[in-house]
Every structure is written in structure tokens, then in C-alpha cells.
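One structure is given here, and the rest of the page talks about it.
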Amino acid sequence: MASEIQTLITFFGATGDLAKRMLYPAVFNLYKKGYLQKHFAVVGTARQDITTDEFREMVRHSIDADGKQDSAQVNDFLKHFSYCASDVTEASGYHDLRATIDAAEKEFDIPGNRIFYMSVAPRFFGTIAQYLKSEDLLAKQGFNRLMIEKPFGTSYETAEALQNELEAAFNDDQLYRIDHFLGKEMVLNIAPIRFGNPVLAAAWNKDFIKNVQVTLAETLGVEERAGYYDTAGALLDMIQNHAMQIVGWLAMETPKSFKDQDIRDAKNAAFSSLKIYDEAEVNRYFVRGQYGAGQSPDQKAYTQEPDVPADSKNNTYIAGELQFNMPRWEGVPFYVRSGKRMAKKTTRVDVVFKAGTLPLGAAQEPQETVLTIVVSPDEKIQMTLNAKDVSDTYSTHLIDLDWEPTAAEKAATPAPYERMIHDAMDGNGSNFADWHGVATAWKFTDAISKVYAENKAPLETYPSGSMGPKAADELLARNGDHWVFQG
Ligand SMILES: NC(=O)c1ccc[n+]([C@@H]2O[C@H](COP(=O)([O-])OP(=O)(O)OC[C@H]3O[C@@H](n4cnc5c(N)ncnc54)[C@H](OP(=O)(O)O)[C@@H]3O)[C@@H](O)[C@H]2O)c1
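Note that our numbering gives residue 314 to position 319 of the sequence shown, counting from 1, and the numbers run on in steps of one.
Now the structure itself:
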């Protein structure tokens, strides 16, 4: 059994979708594993006027809807939960909340150590942080940490304003900005693969790597999210946050140690050297697309979808090349792409290594090899190698080395929210989005958004069910590259 991390977690937005679907099951798993034992409490708050007993029943349903859990264990767990109705925009609500938190802390003998999880609309993040301080809800001893849902701003300007509001009440090292892709097992695998194998660590640079590719492809269309999605598009919905955070692990310098701050510093060294594009460069290095109709009648064009303006120029697909002006990556393109209604759903990383030479006069010379990390929906690690073909010559062909976790390993893998709540309890910020990286990502995408808002770049269409516009293939072909994943 793991050792206990004595903590009091307050969930804002305690009656919401995310809390019920993800957060309570995550906390329950931490309890079952022993990270939470006796000295912990969970306080939920939202405006809905329910009693603590009703709240506990709501949580019971979220962790044990089918009644298959050990009911004594569930009951013991739920005893640690209490509820306080409050409106986050009114100071008076925080007085009742403080009393509920103080009572829970006393009942379960918790030595401070407060986590405040903001599972509410982003417009409330700054307000809550400021009231937590002004209304005296912060622990006097132990730690105070703030977990912040996404999105963190909608531009650099709004993100910076939010950061300033948060920093008026908390230090930056108390802020845990969630990007749940960073909690995915195969994203967490990038560092061990890269740094745990000296052969790969030594080759992780421009001398051996030809290009790096990050693909986040969805098969679904906009569904019911047009109101939000038509203002965000693939650029802000997927590239600015998830794709760039994954790139952070791939492009980072070698950290001095695997401590939180050293990892952040190593990622920030890369983000500091990211080239921000001007209008001509946006056109040269980025492609925006929008899905048209597909083969099947239910695959409508984006502009025919419910609530999408018929003249929308929104990007449902983005592909682009990132460049890092640092010695390690001189001349190495980092390609990112993300789109809706693509041929296949996948989140994956492909690291393309340069082809070697084997001057033995063989018909087939060695080819580029690829390290692939498939993040979801499958989980896989693959590597191709050049090996001898069965023939009388030294012709080579590519062979595959494949690994995927067993069913037992998959079952034992913590879900991203479990991992992130655990890491926040443990004070480990390395799997959260650092402000410098978030700020750089916004500056980078703002430069692209500006060109698109002024309609100074072509909008390519691609058929639903394809892997995106041809222009995205040409983007790579210009460098002598191609997308490894073809759908
Ligand atoms: N759902 C997901 O899968 C998901 C995934 C990634 C990120 N997120 C992020 O997580 C956050 C929460 O999303 P959600 O889907 O759970 O939203 P939601 O279902 O709409 O829940 C919002 C919660 O906030 C509470 N709330 C609203 N106004 C309030 C106020 N003035 N004072 C106090 N509480 C208030 C609501 O309860 P009352 O109405 O009773 O007050 C409810 O508990 C958002 O930032 C979202 O972007 C969600």
C-alpha cells in the first residue's frame, strides 16, 4: 500500500460533468491505492442547494454506478466528503465554505495541505483565486495548491491577464495548469524512452533525427460544440495546448535532474527558442483546412453542420512546421497536425531518424527508421530498423520492433486525472503546463490566428474521412519528408 499524502481537496464545480465523470473516480482510485487513507477530506461546492448526504449519493453514483465496488470501502470513503453551496462570484459564499473546510480539517486531523481544484468555467478562475486569499481560505500550515482546468486564456493577452490574477494570490509554483494529455501514459513514456536509453539520448539531435511528427487526429466532426469550436478551431483546441505540450517533451534540452524545476527549465529552454512566424512564414509553414462532405450522407461539410455559420472560415484541420533555433535542432522540422473528420482516430508521435549508408553495392540501401509512440486509442511503441533482406546481397529492408502493454498493464495504468491529482498532492509539477510554455504557445498561435482572422491565408478543403488537404502533404514534401501515419 502506498504511503498517505494528507490532503484536503476542495472541488469548485462539484456538481459538474468533469467532477462526476473524472474527478471523483480519480480520487477514489487514490484512496484504494492508499495515497489517501485517514487524514484526508474532500469538500465540494457549487450553487446547487444540496445537502452533504445528497452530495455523497451523487459521488457514490459517480464511483460505483453499477454497485460492483466494495460497499463498506465506498461508505468509508464517502464519510470524508462534505458539501457547501456557494456562488464563486460572491464573497459571502466563501465564509460558509471556509467553515466547511475548517470543520473537515479538524474532523480528519489534516495538517493544512489544501488543494483547490477549479472545475468551473474559465471566467471564474481568477475570481476564485483572489477570493481564496482575501476571504482567508488558505491553510496556515502545509501547502496550498491550485489546480486549473483548461483553457488557460484564449490568447496571450487573456492568458497573461489570468496569470496576473492568479499570481496576485498564489506563487507560480503553487499553480498546476492541467493539460490532460500530459497525464496520458504514453506521453509520460516519452522521457523514459528518450533519456533512459543512452543510444537514443545520444541520437536525439539534428545529427540523427530528420524530423519529428505529432499527429492528433479525430474521426468525429464538430458534433454539438459549434458555439465554442467555431471560435477556437483545431489551432486553439488541439495545437496550442496538447500538441505543443507534447512537443515540449520531445524538443526539451536534457534536464539537469528529473526534479520538477529542472524538467520545467529544460522544456523552457526549448520553448524560448521557438521561432514565432510572420505572415509570410505562416503561409509557408502552416496549412489550414476545413472538412467538406464525405462519402456517407451523415458526413456533412463543416459549414452544413448545426449552428455553424454558412460562411465560416474556421480551421477544422491544421498542419504546420515548428522550428527551434537551438543547436540541438538546427534544421530539424517538428511537424504537428490535428484535424476533425479524419480517416482514423489517433494520437501519436513519430520520430524519423536519418537513413544510414551501407555502401556494399546492394540494390536496396538503408532507409529512414522511425520510433513511433502511439498514445491513443491504442497504446504502442514501435521502432523500425534496417536489417538484411533474405537474398544473396546486402540489400536491406525495414523490420518492425513492436511493444504494447498487456491487458493487466492497461488495467493498472492510472487515468490522467488520477495521475494529475496525485502529482499535485505530491508537489510534482513536471506533468503540468508551465507558464513559460503556455505563454510561448500563445504567442506562437496568436501570430497564426492573426493571419487567419484577416483571411490572409488560403483555407483548403478536405473530404471528411481523409487525412487532410493535399497542401499538408506538400508542406513536408518540400523538405523531402512525408507523414509517417497515412491513416
Ligand atoms: N467536462 C469535460 O469533459 C471537461 C474536459 C476538459 C476540461 N473541462 C473543463 O472543466 C471545467 C468544468 O467543466 P464541466 O464540463 O464540468 O462544466 P459543467 O458540467 O458545466 O459544470 C460546471 C460546474 O460549475 C458550477 N458553477 C457554475 N457557475 C457557478 C457559480 N457562479 N458559482 C459556483 N459554481 C458554479 C456548476 O454548478 P451550479 O450550476 O450548481 O453552480 C457545476 O458544478 C471547465 O473549465 C471545462 O473547460 C471539462
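Here a beta-carbon is modelled for each residue, glycine too, at the ideal position from N, C-alpha and C.
For clarity, every value in this text was computed on a predicted model and none was experimentally measured.
heavy atom of ligand 1 below 6 angstroms from Q43 C-beta: yes
Per DSSP, the bridge partner or partners of I368: V344, I376
Secondary structure, beta strand (DSSP E): runs of 3+ residues fully inside the stretch 46 to 97: 76 to 80
Alpha-carbon spacing of Y330 relative to L396, whole angstroms: When rounded, the distance between both Cα atoms is 24 angstroms.
Assigned secondary structure, D202 (DSSP; H/G/I helix, E/B strand, else coil): coil
Nearest residue (CA-CA) to D468, options Y412, P411, R332: The candidate whose alpha carbon is nearest that of D468 is R332.
Beta-carbon gap between S114 and F281 smaller than 7 angstroms: Going by C-beta atoms, S114 is not nearer than 7 angstroms to F281.
Closest by C-alpha distance to W244, when choosing among A186, L317, R279, T352: A186
Coarse secondary structure for E152, derived from DSSP in three states: helix
beta-carbon S114 near ligand 1 non-hydrogen atom, thresh 6 angstroms: yes
Residues bridged to P458 (per DSSP): G287
N- and C-terminal bounds of the beta strand (DSSP E) containing H394: Looking at the sequence provided, one finds Ile at residue 394 rather than His. Counting along the chain, the beta strand (DSSP E) containing I394 begins and ends at 391 to 398.
Which listed residue (S461, N236, L366) has its alpha carbon closest to that of L177: N236
C-beta atoms of P328 and N426 nearer than 7 angstroms: Annotated as distal: P328 and N426, with beta-carbon spacing of 7 angstroms or more.
Within 7 angstroms, strictly: CB atoms of P250 and A264: no
Alpha-carbon spacing of R323 relative to I271, whole angstroms: Approximately 18 angstroms between the Cα atoms of the pair.
Contacts around W483, its chain only, beta-carbon distance under 7 angstroms, and the 5 residues preceding and following it disregarded: Nothing can be reported for residue 483, as the shown portion of the chain is limited to -4 through 482.
For S(-2), the nearest candidate out of R16, A436, H34 (CA to CA): H34
Uninterrupted beta strand (DSSP E) stretches inside the stretch 258 to 312 (no shorter than 3 residues): 281 to 287
Three-state secondary structure assigned by DSSP to T226: helix
Close beta carbons around V446, own chain, < 6 angstroms, minus the five adjacent residues each side: E274, V277, A452
Alpha-carbon to alpha-carbon, A403 and Y286: 39 angstroms
Supposed close pair Y78, I45 - CB separation, criterion 8 angstroms: 6 angstroms
Expected contact under 8 angstroms - CB spacing of L230 and S444 to nearest Å: 6 angstroms
For L470, the nearest candidate out of E102, A198, G315 (CA to CA): G315
Whole-angstrom C-beta distance between F348 and A198, which should lie under 8 angstroms: That belief holds up - the Cβ atoms of A198 and F348 are roughly 7 angstroms apart, short of 8 angstroms.
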